[in-house]
Each structure stands twice: as structure tokens, then as C-alpha cells.
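Q: Add 3 to the 1-based position in the sequence shown for the numbering used here, that's all there is to it.
Positions of the beta carbon are idealized from the N, C-alpha and C atoms, including for glycine.
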Amino acid sequence: MQLNRLVEFHKTMGDPTRLRILSLLSNGPLHGQAIAGKLGLTAPTITHHLKKLRDINVVFERRDKNTIYFNLNHLVVKQHSEALKQLMEGKEISMVDQSDEKQKIIANFFTKDGKLKTIPAQRKKKLMVFEHLIKGIEKGKKYEEKEINEYILQFHDDYATIRREFIINHYMYRENGIYELNPVEMWAKIEG
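1. Rounded to whole angstroms, what's the CA-CA distance from Lys-55 to Ile-38? Just pull it up for me.
2. Return helix, strand or coil for Asp-18, following the three-state DSSP convention.
3. Which residues in the same chain have their Cβ closer than 7 Å to the Cβ of Val-187, if we skip the five residues on either side of it in sequence?
4. Between Phe-73 and Pro-19, is the Cβ-Cβ spacing less than 8 Å?
5. Given a cut-off of 8 Å on the beta-carbon distance, is the pair His-52 and Ile-24 in contact?
6. In terms of residue numbering, what span does the beta strand (DSSP E) encompassing Phe-73 cover?
7. Could you have a look at Phe-169 and say whether DSSP puts it in helix, strand or coil?
8. Are His-83 and Ile-109 closer than 8 Å when you measure CB to CB?
9. Classify Lys-105: buried if its beta carbon has 16 or more other beta carbons within 10 angstroms, exposed otherwise.
10. Alpha carbon to alpha carbon, how far is Glu-168 from Ile-155? Give it in angstroms, no decimals.
11. Less than 8 Å between C-beta atoms, sequence neighbours within five positions excluded: which residues of the same chain meet that for Leu-22?
12. Among Gly-40, Arg-166, Met-189, which has the Cα closest to the Cα of Ile-181?
13. Give every residue of the same chain whose Cβ lies closer than 6 Å to the Cβ of Gln-157, excluding the five residues on either side of it in the sequence, and list them in chain order.
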């Protein structure tokens, strides 16, 4: 992780309202109005803070019909806390930033409205795309195949291939036609 990215993360997180939003989202996804109501703030204020949190990838959104739900990106929070821990232990922070590369790949393979243009052929890029797609799947929730198909259709028409890739690369597991998200530690690793 680059040092400037770590600094930007902590600058953004250094706001009490943003920390309160993350605290709420740690219990599960919420839509903007719910966040505003729980914090006693206006919708525009919440929108402003959520944009800042999205900019550092701590929050991502998932649309369900006409409602946008915001989710905490636990992986990014963990990565930044690990980087800070390494820095405190005197370890050098890497100047190669995989998240910059990942953002470029996501920008290349997705349209502005979030549709997947094509499934990458190169394994590393494919896994980055799948990790991006899997963000809206809730941890601990059991999905029927039809639900997974509908979720994938938001991004790409070839839901069967992507669903199969989710299983092959251990993002999800399937038992008796029911799908569930695997822990991140089980996911296929993106090699540097």
C-alpha cells in the first residue's frame, strides 16, 4: 500500500460523522435515508460523507430496485489497519499499490453505469473483476440460484459463466442449490 493512500484514508476517516456511519454499516447494509434518520442528519449531509467514504473504497453501494444500499468494505478497512500496523512496527510500506491497478482494470472492464463489458481472459484481471462483482453479496446470507442469477444479470448477461466462476474461484460455495459467500481467506488469490 502506498504511503499517500494510507494518509488519504486516515484524513478521510478523521471525521466523527464518517466514523459513526461506518459503525452503523458494520451491522449490515443501510440506505441513505436510514443512515440520515439514525444519525439525525440531513440526506445531503449523509450523501456528502458517503461520497468521501466511497472515494477511499471503504463503502460501496448496491442497488435493489429503486433503493441504493451502502455496504461497509471490511477488506479495505482491514488492509489499512494492517498497513498502519506494519508502519508502526517499522516495516516499510510498499510503493506498489495494487488498488490503483485494480481501479484501472475495473474502469477498463466496466461501463460508467456498472455493467461488465466483457469477462477478462487474463486470470489476474478476471479475479479483480470477480472480486468487484462479489461486493454486493451479503456475508452469511443464503441465496437460491435464481437470486444469484438475478444479481449477476445486473452486471452481465452471461450469469451462468460468472456464477460457475464464483464457485470455481471459491468466492461462493453451493450446496443443494443454495449459494453462500465464502470467507475472504478462501477466495482465489490474485498474484502480484
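A: This is what the structure holds:
1. Taking the straight line from one Cα to the other gives about 15 Å.
2. Of the three classes helix, strand and coil, the one that applies to Asp-18 here is coil, per DSSP.
3. Excluding residues within five positions, the ones whose Cβ falls inside 7 Å are Leu-78.
4. Contact flag unset, no.
5. Result yes, Cβ atoms of His-52 and Ile-24 sit closer than 8 Å.
6. For Phe-73, the enclosing beta strand (DSSP E) covers residues 70–75.
7. Residue state, collapsed to three classes: helix.
8. The answer is no: Cβ separation not under 8 Å.
9. When all chains shown are included, Lys-105 counts as buried.
10. Distance between the alpha carbons of Ile-155 and Glu-168 is about 12 Å.
11. Excluding residues within five positions, the ones whose Cβ falls inside 8 Å are Met-16.
12. Checking every option, the nearest Cα to that of Ile-181 belongs to Arg-166.
13. Cβ neighbours of Gln-157 beyond the five flanking positions: none.
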